[in-house]
Amino acid sequence: MCGIVGYIGKEQSLPILLNGLKALEYRGYDSAGVAIGDKGTITIKKAVGQVKVLESSLATDHPIQGTIGIGHTRWATHGVPNELNAHPHSDCKGRIAVVHNGIIENYKELKTYLENHGHIFRSDTDTEIVPHLIEDFLNKRNNFDSALFDALKMIRGAYALVIMDAENPTTLYATKRSSPLVIGVGNNENFLASDPSALIGKTKDVIYLNDGEVATITSENISVVNIEQQKTSFEIVRLEWDLEQSQKGNFPHFMLKEIFEGPEVVRSTFRGRIKSEDNLVKLGGLDQVRDKLKDTKRILILACGTSYYAGLVGEYLFEEIAGIPTEVHFASEFRYREEPFDEGTIAIVISQSGETADTLAALHKAKEYGLMTLSVVNTVGSTIARESDAGVYNHAGPEIGVASTKSFLSQLTVLVMIAIYFSKDKSKTQLILEELEKIPEKIEKILAQSELLKKLAEKYNHYEHFLFLGRRYNYPVALEGALKLKEISYMHAEGYGAGEMKHGPIAMISPDFPTMAIVPHNSVSEKMMSNLEEIKARKGTLFAIATEGDTTIASLANDVFYIPKTIEPLEPLLTVVPLQLFAYYVGTQRGFDVDKPRNLAKSVTVE
Ligand code: F6R
33 MCGIVGYIGK EQSLPILLNG LKALEYRGYD SAGVAIGDKG TITIKKAVGQ
83 VKVLESSLAT DHPIQGTIGI GHTRWATHGV PNELNAHPHS DCKGRIAVVH
133 NGIIENYKEL KTYLENHGHI FRSDTDTEIV PHLIEDFLNK RNNFDSALFD
183 ALKMIRGAYA LVIMDAENPT TLYATKRSSP LVIGVGNNEN FLASDPSALI
233 GKTKDVIYLN DGEVATITSE NISVVNIEQQ KTSFEIVRLE WDLEQSQKGN
283 FPHFMLKEIF EGPEVVRSTF RGRIKSEDNL VKLGGLDQVR DKLKDTKRIL
333 ILACGTSYYA GLVGEYLFEE IAGIPTEVHF ASEFRYREEP FDEGTIAIVI
383 SQSGETADTL AALHKAKEYG LMTLSVVNTV GSTIARESDA GVYNHAGPEI
433 GVASTKSFLS QLTVLVMIAI YFSKDKSKTQ LILEELEKIP EKIEKILAQS
483 ELLKKLAEKY NHYEHFLFLG RRYNYPVALE GALKLKEISY MHAEGYGAGE
533 MKHGPIAMIS PDFPTMAIVP HNSVSEKMMS NLEEIKARKG TLFAIATEGD
583 TTIASLANDV FYIPKTIEPL EPLLTVVPLQ LFAYYVGTQR GFDVDKPRNL
633 AKSVTVE
């Protein structure tokens with residue numbers, strides 16, 4: 033959840049580290065810090081708050097010189113966000129500097145041991161045991177490499193660690209277990225980052241470290257060994273993301289930019305993969321397992337948050353289009369299931385980042401069950417993408433806004449294509465493909481009405497509660513709309529299946545508790561209308577998302593936002609867009625930094 037950067041080369045490292053930290057700030061922003069090495073000493077600077085606070089405190093100090101350095105932006109787990117708890121952390125003598133993502137589970141026992149052996153701790157973090165543990169081994173045998181490996185063998189938990197030693201001023205050390213870390217390969221310079229987006233504009237060539245590997249990195253050389261210090265091979269992967277994609281351009285926020293990227297994201301997700309005239313879907317990532325997938329009888333979808341809601345739409349798609357029974361599980365709960373799975377069951381894990389700890393744990397559990405695992409992932413080369421048997425990339429480009437928007441659209445697009453890929457009855461699929469090709473244009477029409485949504489948001493931004501209702505394909509959209517609103521505007525919002533409303537939530541309906549009704553014209557719209565009547569009869573305020581040309585809804589709802597018509601399985605690709613915009617406008621109008629909502633982090637790498 034925190035962000036890590038590292039640099040070794042010929043340039044001054046500080047500006048490179050600060051730029052990398054700014055790119056990673058969406059992962060955590062309680063506090064930030066850097067450690068820069070020069071002439072056998074390490075200088076550490078930290079500040080509470082966003083990276084710009086650290087940057088301005090550094091601007092008032094003497095600039096720190098040095099061509100090797102590490103940096104960190106923190107999302108607090110152990111210890112409150114303050115300067116002492118900010119990373120990098122150091123040993124007693126200030127020889128070693130460490131940045132860390134994840135949680136060291138056995139830190140308490142190690143800390144007790146180290147304190148009993150005279151080590152003085154300055155922070156409440158689990159991380160600080162790492163430099164002290166290395167120092168402890170160094171005190172016994174003055175060999176940094178063996179001290180490092182001895183220390184790593186003692187720590188348990190999830191971690192990505194980058195380590196500097198003042199006495200080895202030309203080397204960075206990096207290792208990981210269940211927490212992402214990539215090496216950016218440059219020309220006479222090398223980089224480290226917990227997320228490849230920090231490397232955009234610096235290098236496109238990256239090495240993804242595997243769990244348990246330790247990399248020793250100089251400006252000219254990278255070597256990777258396992259924990260037993262045996263050399264392991266590595267692959268350099270080329271990233272296709274460019275600088276423009278990682279910048280806001282003319283938009284005030286990444287979230288708005290990414291919502292407006294929706295049409296292009298859907299296009300680039302299906303580009304080269306569908307041929308509507310031939311009623312064909314081609315998913316190269318599934319080719320290698322094509323034969324094994326033929327006998328799929330049941331699908332489990334495992335994911336968290338917005339990706340889970342995309343999975344709920346997938347459930348309807350797979351059952352209706354492919355005729356395969358499907359269940360969706362919260363990845364964080366799936367691990368507690370003890371269910372015997374029949375042959376023919378496969379698991380599909382969905383994750384934008386490809387690094388979500390709960391989703392990764394669910395993937396491992398599915399593998400333990402012996403299930404074939406597929407992934408739907410946006411970040412190329414991420415852990416989930418590498419560890420699943422096969423998969424389909426989203427091709428949405430980097431998503432920087434903490435709240436998922438464009439990746440939801442690309443996940444839905446991938447799920448439509450997978451459903452068609454699995455379908456044995458092709459009589460309905462050509463129409464779906466033809467309609468999918470028209471979706472980007474229809475999203476553009478919705479985006480062209482963004483000013484209207486902004487005005488409507490002004491009318492609703494003072495409420496403290498919101499109910500979101502939908503049925504069938506739009507039930508998950510109601511859940512997603514409520515999630516977007518609560519995480520961006522801190523307004524209490526609940527999503528429900530409209531039929532469930534009368535089984536409890538109706539008790540809350542009042543003029544002060546408005547309802548967002550997702551009611552496009554479809555097979556369930558009459559039932560939706562009855563539920564809306566029930567709300568109206570209790571003087572509830574109604575805001576409806578409806579299909580262009582619907583003449584009945586306006587007499588019932590206080591406000592209506594119209595969207596173009598599409599076929600029911602593709603409706604979520606349209607209905608979610610006004611909800612994303614609505615959340616964006618309410619959040620900004622209430623004065624919040626929507627790209628960095630409080631307490632959240634982009635990639636949740638702790639369980
Ligand atoms: C909500 C949001 C989160 C993520 C969830 C899973 O806007 O972004 O709910 O969807 O943390 O993340 P990924 O998809 O990276 O596994």
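In case it helps, my numbering puts the sequence shown at residues 33 to 639. Just so you know, even glycine gets a beta-carbon here, dropped at the ideal spot from N, CA and C.
Next item on the list: Have a look at 578, 40, 480 and 197 and flag the residue whose alpha-carbon is nearest the alpha-carbon of residue 293.
Entry: 480
Next item on the list: Drop a sphere of 10 angstroms on the beta-carbon of residue 653, count the other beta-carbons inside from all chains shown, and report buried for 16 or more, exposed for fewer.
Entry: Since the first and last residues shown for the chain are 33 and 639, residue 653 lies out of range.
Next item on the list: Would you list the one or two residues that DSSP bridges to residue 383?
Entry: 409
Margin query: Within the continuous alpha helix (DSSP H) that includes residue 477, where are the two ends?
Written below: 461-479
Checklist line | Inside the segment 75-134 only - alpha helix (DSSP H) runs reaching at least 4 residues | finding: 83-92
Item checked: Every unbroken beta strand (DSSP E) within the segment 292-356, with a cutoff of 3 residues, ordered by chain -> 330-335
Next item on the list: Using the Cα positions of residue 267 and residue 222, report the straight-line distance between them to the nearest angstrom.
Entry: 15 Å
Next item on the list: Can you say whether residue 112 is buried or exposed, counting buried as having 16 or more other CB atoms within 10 angstroms of its CB?
Entry: By the neighbour-count rule (16 or more Cβ atoms within 10 Å), residue 112 is not buried but exposed.
Notebook entry, point to check: Could you give the C-beta distance for residue 101 and residue 66, rounded to a whole number, given that I count them as a contact under 8 Å?
Noted result: 6 Å
Item checked: Option in 76, 311, 360 and 160 with minimal Cα separation from residue 457 -> 311
Notebook entry, point to check: Hey, out of 35, 442 and 430, whose CA is closest to residue 604's CA?
Noted result: 442
Check: Leaving out the 5 sequence neighbours to the left and right, which residues in its chain are closer than 7 Å to residue 607 when beta-carbon positions are compared?
Finding: 506, 509, 550, 552, 577 and 595
Item checked: Residue from 378, 299, 95 and 126 whose Cα sits closest to the Cα of residue 476 -> 299
Notebook entry, point to check: If we count the other Cβ atoms within 10 Å of its Cβ and call it buried at 16 or more, is residue 97 buried or exposed?
Noted result: exposed
Next item on the list: Please confirm whether residue 531 and residue 514 have their CB atoms less than 7 Å apart.
Entry: no
Margin query: Please tell me whether residue 619 and residue 482 are closer than 7 Å, where the distance is taken between their beta carbons.
Written below: no
Check: Relative to the ligand F6R, is the shortest distance from any of its heavy atoms to the C-beta of residue 337 smaller than 6 Å?
Finding: yes
Note to self: Between residue 502 and residue 545, how many whole angstroms is the CB-CB distance? I'm expecting something under 8 Å.
What the structure shows: 17 Å between Cβ atoms; not a contact.
Notebook entry, point to check: From residue 282 to residue 291, what does the alpha carbon distance come to, in whole angstroms?
Noted result: 13 Å
Next item on the list: Determine the extent of the beta strand (DSSP E) in which residue 208 is found, giving its start and end residues.
Entry: 204-209
Check: On the three-state DSSP scale, how would you describe residue 602?
Finding: helix
Item checked: DSSP three-state assignment for residue 609, whether helix, strand or coil -> helix
Checklist line | Length of the line joining the Cα atoms of residue 351 and residue 474 | finding: As the crow flies, the alpha-carbon of residue 351 is around 25 Å from that of residue 474.
Checklist line | Straight-line Cα distance separating residue 219 from residue 548 | finding: 53 Å
Next item on the list: Identify every run of the alpha helix (DSSP H) within the segment 545-604, keeping only runs that are complete inside it and at least 4 residues long; order them along the chain.
Entry: Unbroken alpha helix (DSSP H) runs of no fewer than 4 residues, entirely contained in the segment 545-604, are found at 557-569, following chain order.
Next item on the list: Would you mind stating whether residue 257 and residue 246 have Cβ atoms separated by less than 7 Å?
Entry: yes
Notebook entry, point to check: Skipping 5 residues on each side, what residues in its chain have a beta carbon closer than 7 Å to that of residue 155?
Noted result: Excluding sequence neighbours, residue 155 sits near 111, 116, 117 and 121.
Note to self: Measuring only from the beta carbon, is residue 389 closer than 6 Å to any heavy atom that is part of the ligand F6R?
What the structure shows: The ligand F6R has no heavy atom closer than 6 Å to the beta-carbon of residue 389.
Next item on the list: Report all residues from its chain with a CB closer than 8 Å to the CB of residue 42; omit the five preceding and five following residues, and keep chain order.
Entry: 99, 220, 221 and 251
Margin query: Measuring only from the beta carbon, is residue 481 closer than 6 Å to any heavy atom that is part of the ligand F6R?
Written below: no
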